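Asks: Chains as they are written, first to last, in this note's numbering: chain A, 43 to 492; chain B, 43 to 492; chain C, 43 to 492.
Note that CB positions come from ideal geometry on N, CA and C, so glycine has one too.
The structure presented is a predicted model; accordingly, all values stated were derived computationally and were not measured.
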């Protein structure tokens, strides 16, 4: 029998469980075990989120044309790397250390706690040393690792939108600004204990702080850099289909897989029955919202366009995931289905709207991360997880900050080093001109001949 | 020194370990810690199984022709989504709640336990509230999550077999029937505590309940929908090679990776030394059986065909994995090698047999999941894990049920909405006709010109 | 607020944590819980390392030409399988059981401990049985699983270097020798407690024992088998670009993902606050070194060649990872950045050097695994993790052993069955001649026409 209830009830029947319950020490999770659980949760969930970098890379590789594929691969691994280094050097302290209402401390470097180093380096660990470390509840660097992969996600949102026409180095400078300063400051308002936290703004794993923050940066970037040549020529929208849809599918699955870390780890603890049960609820909601996003996209594209659209269905999954990210801890799973479905629907309706505005978003990151991110954050207010007005305030505050600051950075880059490759380079493909190579040198028409 | 024994013996020598053993409370896993371990095992292993959906998607994407690639991607993400929603709405209760001999309860929705919600929502958690939650042994939704990814696997088995000629929506209706009703009912007989469990039928992680159940549904579907046009023309078998073998390889590796969750998590507990040691044995057997499957396939295809066949070797790994799934807890690892090797051999011999019967299985799912699944279940009886007759009874019972019920569903679809695209659509490729796009629009001959 | 400190301080403030600390039994991790943590760490981290096999497969699939892609896929799944079986049959005992100064015991088979089997099979588990199992500190087969995936990694290093011209079966025989005998003997010197361990040689997760050991085998193999036809024709280096760079990018991300298991699991324990905190430090250093490798490669290739090179940046990440592997436990994260950056720089400079020597390394495995592996091992001596002379001694000892023994094996193969396909077969591509198929039969020029 695989129904685990029977197995455990038998144990209980044998008196084992009841006997243990009568001994409080044995019934509880010891403080040191909770430390290990909490730390391991940060690490395991953090690794899942880290793998989302591969998911973004594959999604974007599949949705750009082959002549720009190698560049988007490079941008993805480069942004993950750069974001990690900058968040180490500057970002973490700015987001979490001595946070006032609006930001933390501008200081270089973050290191393991002295207590942990003392314990690790001691010839003999005294009880007091262990107690000092354990008193923190989790290893400080495991928390750093988990927070670091979030800033990389925010940066990943940007790369897909502005693909196929932006130069690599200016993009890297934007990533530096985003991960070192922009993201940490706005995130400190909520997760660092700043003014939005004090207002009661609620964003469990970052529909607003990660996804819509990245989405605003992408939107401003898309406007600043302009549409791809030919995309809106002659007043019509010219589709520029991605070169490799199985890779885009793989990327979506990897993101979905990683999202269990993104949302599950955001419980920030695993060391008690309450935390473990809460994480399980988060996993289930995360999965149901994404699933609802896919089914919604299938039905909607079938109705709207007469045919199902694979790319829309992939983005439906992602929009469902982004939408549930602000409140995956809600306890009615049915609502998770609704939140995911509406998130996907909004993302699908946002695609033609962006085209009408001639905002060229190569992979659909703005509908998915910005639109569904806003929806998910507001949904927390609608479905009883907080005040709607407060949720709206948080959304607007982050929006204003990200629009203004990213406009400054994009603008400064545009009017100095320039954002965009030349028309000829764009025609040839940025792989050829920026990297001097082709992503698929042997396949068919090849990228050089487009 | 990396030999961990030395490290821990040193600790023991210092009297630490011995002292702890003399204190029973400190030596045992507390009941709440066991709850956390059990729950986390469901979640971590469940996430690995979830990623198998990506593995199936890549395996099938790589083994179909390019003109049908986007459709198989869509089917895979759609079936995972739909199966998850249906198992939430209907399937779980039918499989696990109030199971009599033949099925559970037909009731909508499954929610976290009230005790867990009370604990999560309490301003202050009382000992009694914690004790009530902890008394269940694991979080109920973590169990739901783990069981849900299994039904998705069963549905994935079907999609590859009937690729390249079946319409998407009828396939989706079959997935709904399979995940809401067919799979849960037959699985309840064993894992829900029904009549096969009472007989002593043993299927650790589902060689029969998941893989051969899916395999029977695929077999009936393949017969109902018929072979691809041209496959058996003129009395000969015409190979239709897959378009992207590295993706098929990736898919196989992802499935292997996920299978540690599939089999390891099926121990259903991690909260004791016994459970942890048992899971370790499961991991090792799982890996050895798959490895033996690959080596067997290499040697056999070299002998039979004079050349090694990559696709057969990938399927050899999968057949080894399917075969060991019924009994990965056996304690002689040598037997795992034998079970995996024979599973792969049987799968390889089944391929020409299916062709002789003109049953067109695009990716080889029937040899891998059905044939090796039956073998693995019987092997438990052969190698001392249960009565052979009981094992055979279980195999036959599931076979009869799945053949009859899936024939009813496939048949109802065939004679109403129809299963198959038109001949012209099949020629053009279902990507073009069902989705209106191409998976690889820029590569070479392109899917449209085949 | 997401700043977990607040949450836990509140708990502590409520007296819960302090009360528990005053009860030593409740404050510590019980011995059985530590057993579960340690075992689960081996399993979870081992699964991550297992997935590196997929990473190598994708990296190499992307970097070879399309006409040799299916063969490299087959080699990768075959080597992982064969290495696992041989390490089970022979390698583990040779590496860990009754190790003298130079090797362990030549005996077949490794099985779970009798104590664990007794516990698993007991009708009723006595305290004494549990205590005996728990006294070992971890499940023996979880350790086996974790060590097994390392030998597979060493074998993976070889396959890429000698791609596109070596026959499959001779390669498989080399893998058997490597995983059954060569790798275990040299690894026993350090991790089995042999003479290098006694000298104090330090190699945390195997910069030398895994990566440079595999690298030496690859170097000797590359020399023995010779360069690809045309690679160094006319005294010039002719680039032979890989066919699928997104797959190479995916492979790199998978390797990076798996490396958290590789380095994190090498702490060999998770069952205490000290171990958990140490693993967190390892994760952070692993990530920073890889990130520094990418950024270094971007800057260096921009400066040296005027354009960034995607392949070099991917190898920069890997070189950073290899370099930090000997000492990811160092406590100054800034040094991790430096170690990774220098590792990447050395790997980049090694590429033209190898070309000057006409050593044809298809995927750059020698620069990445051998050169950065040596650097990382020496860096431990430079940055205070051990004596530089001892580190150098270990590097040289492994070098001498691996060069001599792998030369014997490669040589014996060369002068009996032969290593290399015929010139005509090489022209046609080994997929066609060894496997009788194409990896991408529909794409463009197709592999047959090259």
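Would you identify the three-state DSSP class for residue 208(B), choosing helix, strand or coil?
Replies: Here residue 208(B) is taken as the residue at index 166 of the second chain, counted from 1. Residue state, collapsed to three classes: strand.
Asks: Okay, do the stretch 138 to 147 of chain A and the stretch 216 to 231 of chain A touch, 3+ Cβ pairs below 8 Å being the bar?
Replies: Contact between the stretch 138 to 147 of chain A and the stretch 216 to 231 of chain A is present, because at least three Cβ pairs lie under 8 Å.
Asks: Buried or exposed for residue 408(B), going by 16 or more other Cβ atoms inside 10 Å?
Replies: On the second chain, position 366 is the one that residue 408(B) refers to. Per the 10 Å Cβ criterion, buried.
Asks: Would you check whether the ligand MG has a heavy atom nearer than 7 Å to the C-beta of residue 344(B)?
Replies: Of ligands this structure carries none, so the ligand MG is not represented either.
Asks: Among the residues of its own chain, which have a CB less than 8 Å from the CB of residue 119(A), if the five just before and after it don't count?
Replies: Within the first chain, numbered from 1, the residue matching residue 119(A) stands at position 77. Here the set comprises 95 and 99.
Asks: Spatial neighbours of residue 292(C) within its chain, please: C-beta separation below 6 Å, excluding the five flanking residues on both sides.
Replies: Position 250 of the third chain, counted from the start, is the residue given in the question as residue 292(C). Hits under 6 Å: 100.
Asks: With distances taken between CB atoms, is the gap from residue 107(C) to residue 484(A) smaller than 8 Å?
Replies: Taking the first residue of the third chain as 1, we reach residue 107(C) at position 65. Taking the first residue of the first chain as 1, we reach residue 484(A) at position 442. In this structure, residue 484(A) lies closer than 8 Å to residue 107(C) by Cβ.
Asks: Could you give the C-beta distance for residue 75(B) and residue 319(A), rounded to a whole number, given that I count them as a contact under 8 Å?
Replies: Against the second chain, residue 75(B) aligns to sequence position 33. Against the first chain, residue 319(A) aligns to sequence position 277. Actually they are not in contact, since the Cβ atoms of residue 75(B) and residue 319(A) sit about 14 Å apart, beyond 8 Å.
Asks: Count the other CB atoms, across all protein chains shown, that sit within 10 Å of the CB of residue 148(C); report buried if there are 16 or more and exposed otherwise.
Replies: Position 106 of the third chain, counted from the first residue, corresponds to residue 148(C). Residue 148(C) comes out exposed.
Asks: For the stretch 175 to 191 of chain C, enumerate the residues whose C-beta is nearer than 7 Å to any C-beta of chain A, in chain order.
Replies: Within the stretch 175 to 191 of chain C, no residue qualifies.
Asks: Under DSSP, the alpha helix (DSSP H) around residue 97(C) begins and ends at which residues?
Replies: To locate residue 97(C), count along the third chain from 1; it is residue 55. Element bounds for residue 97(C): 73 to 105.
Asks: Measure the Cβ-Cβ separation of residue 258(C) and residue 412(C) and say whether it is below 8 Å.
Replies: Residue mapping note: residue 258(C) aligns to position 216 of the third chain, counting from 1. Residue mapping note: residue 412(C) aligns to position 370 of the third chain, counting from 1. Their beta carbons are under 8 Å apart, which means residue 258(C) touches residue 412(C) by this criterion.
Asks: Looking at the unbroken alpha helix (DSSP H) that takes in residue 375(A), where does it start and where does it end?
Replies: Walking along the first chain from the start, residue 375(A) turns up at place 333. Start and end: 375 to 398.
Asks: Are residue 154(B) and residue 323(A) touching if we call contact CB-CB under 8 Å?
Replies: If you number the second chain from 1, residue 154(B) lands on position 112. If you number the first chain from 1, residue 323(A) lands on position 281. The answer is yes: Cβ separation under 8 Å.
Asks: I think residue 288(C) touches residue 203(A), with their Cβ atoms under 8 Å apart; what is that distance to the nearest whole Å?
Replies: Numbered from 1 along the third chain, position 246 holds the residue referred to as residue 288(C). Numbered from 1 along the first chain, position 161 holds the residue referred to as residue 203(A). Contact doesn't hold; Cβ gap of about 19 Å is too wide.
Asks: For the stretch 112 to 129 of chain C, which residues have a beta carbon sitting closer than 9 Å to at least one beta carbon of chain B?
Replies: Per Cβ criterion, the list reads 112, 113, 114, 115, 116, 118, 119, 120, 122, 123, 124, 125, 126 and 127.
Asks: Looking only at its chain, what residues have a beta carbon closer than 7 Å to the beta carbon of residue 447(C), apart from the 5 residues adjacent to it on each side?
Replies: As a first step, residue 447(C) must be located in the third chain, where it is residue number 405. Only 224 meet the Cβ criterion.
Asks: Kindly indicate if chain A contains any beta-carbon less than 8 Å away from that of residue 478(B).
Replies: By 1-based counting over the second chain, the position of residue 478(B) is 436. True, the Cβ-Cβ gap to chain A drops below 8 Å.
Asks: Suppose contacts are defined by Cβ-Cβ distances below 8 Å. Is residue 85(A) in contact with residue 325(C) by that definition?
Replies: Indexing the first chain from 1 puts residue 85(A) at position 43. Indexing the third chain from 1 puts residue 325(C) at position 283. Cβ distance < 8 Å, so residue 85(A) and residue 325(C) count as in contact.
Asks: Residues in its own chain within less than 8 Å of residue 401(B) by CB, not counting five upstream and five downstream?
Replies: Stepping through the second chain from its first residue, residue 401(B) is reached at position 359. Closer than 8 Å at Cβ, skipping near neighbours: 261, 264, 265, 269 and 408.
Asks: Residue 71(A): which of 314(A), 455(A), 245(A) and 358(A) sits nearest, CA to CA?
Replies: The residue labelled residue 71(A) in the question sits at position 29 within the first chain. Checking every option, the nearest Cα to that of residue 71(A) belongs to 314(A).
Asks: Pair every Cβ in the stretch 434 to 444 of chain B with every Cβ in the stretch 242 to 252 of chain B, then say whether three or more of these pairs are closer than 8 Å.
Replies: The stretch 434 to 444 of chain B, when compared against the stretch 242 to 252 of chain B, does touch it at the 8 Å Cβ threshold.
Asks: Please report the distance separating the alpha-carbon of residue 196(B) from that of residue 296(B).
Replies: Walking along the second chain from the start, residue 196(B) turns up at place 154. Walking along the second chain from the start, residue 296(B) turns up at place 254. Looking at the two C-alpha atoms, the distance is approximately 16 Å.
Asks: In chain B, which residues lie less than 9 Å from residue 107(A) when you measure between Cβ atoms?
Replies: Sequence index remark: in the first chain, residue 107(A) carries index 65 (1-based). Correct list: 483 and 484.
Asks: Taking Cβ to Cβ, would you say residue 376(B) is nearer than 8 Å to residue 93(B)?
Replies: As a first step, residue 376(B) is located in the second chain; it is residue number 334 there, counting from the start. As a first step, residue 93(B) is located in the second chain; it is residue number 51 there, counting from the start. No; because the gap between Cβ atoms is not below 8 Å, this pair is not in contact.
Asks: Counting only runs of 3+ residues fully inside the stretch 153 to 182 of chain B, write out the beta strand (DSSP E) ranges in chain order.
Replies: Listed in chain order, there is nothing to give.
Asks: Note down the Cα distance separating residue 136(A) from residue 216(A), rounded to an integer number of angstroms.
Replies: Here the question's residue 136(A) lines up with position 94 in the first chain. Here the question's residue 216(A) lines up with position 174 in the first chain. Using only the alpha carbons, I get a separation of about 17 Å.
Asks: Tell me the DSSP bridge mates of residue 462(A)?
Replies: Working through the first chain from its first residue, we reach residue 462(A) at position 420. Answer is 208(A), bridged to residue 462(A).
Asks: With a cut-off of 8 Å, does the C-beta of residue 334(B) fall near any C-beta of chain C?
Replies: Within the second chain, numbered from 1, the residue matching residue 334(B) stands at position 292. Chain C, which has a Cβ nearer than 8 Å to the Cβ of residue 334(B), makes this yes.
Asks: How many Å lie between residue 167(B) and residue 177(B) at the Cα?
Replies: In the second chain, residue 167(B) corresponds to position 125, counting from 1. In the second chain, residue 177(B) corresponds to position 135, counting from 1. When rounded, the distance between both Cα atoms is 15 Å.
Asks: Which residue comes first and which comes last in the alpha helix (DSSP H) that contains residue 409(B)?
Replies: By 1-based counting over the second chain, the position of residue 409(B) is 367. Unbroken run through residue 409(B): none, as it is neither H nor E.
Asks: Quick one: which unbroken alpha helix (DSSP H) runs of 4-plus residues sit fully inside the stretch 272 to 308 of chain A? Chain order, please.
Replies: For the stretch 272 to 308 of chain A, whole alpha helix (DSSP H) runs of length 4 or above, ordered along the chain, are 287 to 306.
Asks: In three-state DSSP terms, what is residue 226(B)?
Replies: By 1-based counting over the second chain, the position of residue 226(B) is 184. Looking at residue 226(B) - three-state DSSP - the assignment turns out to be helix.
Asks: Can you find the residues in the same chain that come closer than 7 Å, C-beta to C-beta, to residue 181(C), ignoring five residues on each side of it along the sequence?
Replies: The residue labelled residue 181(C) in the question sits at position 139 within the third chain. Only 81 and 158 meet the Cβ criterion.
Asks: Taking residue 294(C) as the query, report the chain A residues whose CB atoms sit under 8 Å from its CB, ordered along the chain.
Replies: Position 252 of the third chain holds residue 294(C). Residues of chain A passing the Cβ test: 119.
Asks: Does the beta-carbon distance from residue 359(A) to residue 332(A) come in below 8 Å?
Replies: Taking the first residue of the first chain as 1, we reach residue 359(A) at position 317. Taking the first residue of the first chain as 1, we reach residue 332(A) at position 290. Contact: yes.
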